[in-house]
Amino acid sequence: MVDPYEALLKKAYEHITEPSGTGERFVIPEVRSYIEGKTTVFENFAEIADTFRREKEHLMKSLVGELGTAGKIDGNRAIFNGKFETSQITNAVRSYFNDYILCSECGRPDTRLVKDDRILVLRCDACGSHRPVRKRKARAEEPAKLFEEGKIVDVHIQSVSKRGDGVAREGKYIIYVPGGKPGQTVKIKVTRISGSIVFTERAL
Ligand SMILES: [Zn+2]
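All you need for the working numbering is the position in the sequence shown, starting with 1, plus 708.
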């Protein structure tokens, strides 16, 4: 016969350990996404933000930065401009997890983001440690330099936009070339960069 006190204690412990998930390996939910026209729909975006216990806007900002595109939150989904494989979104989600969730001391995800004198700090509820959120700009800088404003670059036109501009692609970047025809390689001067969109004029 089970001692009612013991049974009660056991139940109490279950309640303590289960919801916080400490000790359990944290599993990032699998990303579900599909390409729709010229956009990519990240179906379970809100579910993942909830699992991470982070603001949807914060996650979104990081994802568009990682993917080098623009996008918007649409209810529980996120919609990115451009076509992305599920694996690319998964990688962006993992980067977010590593930067903004995972405690580097104890390897647990029970953390909070707190502002400490304007610096974003990741504070761990499990072990009490905290660290500044890592800045990871190294990867984004390389292609950005390729298209600095005023720089003259050769690009290969692949298609034509709705407005009739030639469109070239380099990595994450989409380059619009006025009057460019598909198949041409043209010398352009970068006039403006907006996210991953590069506006140009013909360089003579
Ligand atoms: Zn920790």
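C-beta: ideal position from N, C-alpha, C; glycine also.
Tell me, to the nearest whole angstrom, how far the beta carbon of residue i is from that of residue j; I am working on the premise that it is less than 8 Å.
i    : j    : result
R785 : E751 : 6 Å
A800 : L771 : 5 Å
I901 : F855 : 6 Å
F805 : F760 : 7 Å
Near residue i, which residues of its chain fall below 7 Å by C-beta distance, leaving aside the five closest residues on each side in sequence?
i    : result
S869 : V875, Y884
D873 : Y884, V885, P886, G888
V749 : S741, Y742, R785, I787
T908 : I883, Y884, V885, I896, K897, V898, T899
K823 : none
T798 : V739
T794 : V739, S741
A754 : K764, N784
State the DSSP-derived secondary structure class of residue i, mapped to helix, strand or coil.
i    : result
A800 : helix
G779 : strand
D825 : coil
S869 : coil
F792 : coil
A754 : helix
K746 : coil
L830 : strand
V861 : strand
F805 : helix
E909 : strand
Which residues in the same chain as residue i place their Cβ atom closer than 6 Å to its Cβ, once the five residues preceding and following it in sequence are excluded?
i    : result
S837 : E813
P712 : none
Excluding sequence positions up to five away, which residues of its chain have a Cβ less than 8 Å from the Cβ of residue i?
i    : result
R816 : T730, F734, L810, C832, A834, C835
S728 : Any reading at S728 is ruled out, since the residue's pLDDT is 45, under 50, leaving its predicted position unreliable.
P890 : I865, Q866, S867, V868, G874
L821 : R762, H766, Y808, L828, V829, L830, R831, V841
E774 : N799, A800, S803, Y804
Beta carbon of residue i: closer than 8 Å to some heavy atom of ligand 2?
i    : result
E909 : Ligands present in the displayed structure are limited to ligand 1, and ligand 2 is not among them.
Open item on the list: Using a strict less-than 6 Å threshold between each residue's beta carbon and the heavy atoms of ligand 1, what residues do you get?
Closed with: C811, E813, C814, R816, C832, A834, C835, S837
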